[in-house]
Amino acid sequence: MYKLDESLGYKLFQGSRLMTNRLNQYFRLKGYPITHEQWQVLSRLFDRDGQTQQSLASLNERDEPSVSRLVANMERSGLIERRPHPTDKRINLVFLSEQSKRLQDEYTAIAEQTIQDASSGIDPDVFAECLRTLDQIRRNLS
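Counting in the UniProt record's numbering, the sequence shown runs from 1 upward without gaps.
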């Protein structure tokens, strides 16, 4: 018999929600005015600064209008800067602000602490297998 509490989707949703809440809580406790959505954008820019909003939407699997609003809010907060593309003025490139560059290590440490909290008591090999399994689930559903 189907039981919601034992279903994969429910467990994934609950785990994701709890990790999101913990990450947001840690950012607040440290006095950083960012959210998990903003962290996702910053993390992508830490990997490769100067991306298009379309690229950020694709990498974070979000729709472009929501990323556009998110980026606008981040720009107002001083987390990022938008600059016109050098050859196509219709496109904006998104860059880290100096403030975000300075705080990269601290933001990353908070994200790593959240992962550490979530994986506490789990054998590292089992955790690695769990990540591989989740990757396969994503591929199956893409």
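All residues carry an ideal CB built from backbone N, CA and C; glycine is no exception.
Cβ-Cβ separation, residue j to residue i (assumed contact under 8 Å), whole Å
i    : j    : result
S77  : P33  : 6 Å
R62  : Q51  : So it is not a contact: roughly 13 Å between Cβ atoms.
L59  : Y107 : About 17 Å separates the two Cβ atoms, so there is no contact after all.
S120 : F127 : Not a contact, Cβ separation roughly 10 Å.
Bounding residues of the beta strand (DSSP E) (the contiguous stretch that carries residue i)
i   : result
E81 : 80–84
N92 : 92–96
Beta-carbon proximity list for residue i, same chain, < 7 Å, skipping 5 on both sides
i    : result
D117 : R22
Q53  : E64, V67, S68, V71, N92, V94
D49  : F95, L96
K141 : Sequence inspection shows Leu at residue 141; the Lys mentioned does not correspond to that position. Nothing listed; no residue qualifies.
Pair within 7 Å by beta-carbon distance, residue i and residue j
i    : j   : result
M74  : Q40 : no
S100 : L79 : yes
Q104 : F46 : yes
L4   : Y10 : yes
Option nearest residue i by Cα separation, candidates the options
i    : options             : result
Y26  : K3, I137, I115, E81 : I115
L8   : S142, L134, R139    : L134
A111 : N24, Q14, I122      : N24
Span of the alpha helix (DSSP H), counted from its first residue to its last, around residue i
i           : result
I137        : 124–141
residue 172 : Nothing can be reported for residue 172: it is not among the residues displayed for the chain, which extend from 1 to 142.
M74         : 64–76
R44         : 36–47
L56         : 53–59
Own chain partners of residue i with C-beta closer than 8 Å, once the 5 adjacent residues on each side are dropped
i   : result
T35 : N24, F27
Interface flag, residue i vs chain B, CB-CB below 7 Å
i   : result
W39 : As a matter of chain content, chain B is missing from the structure shown, which is built from one protein chain.
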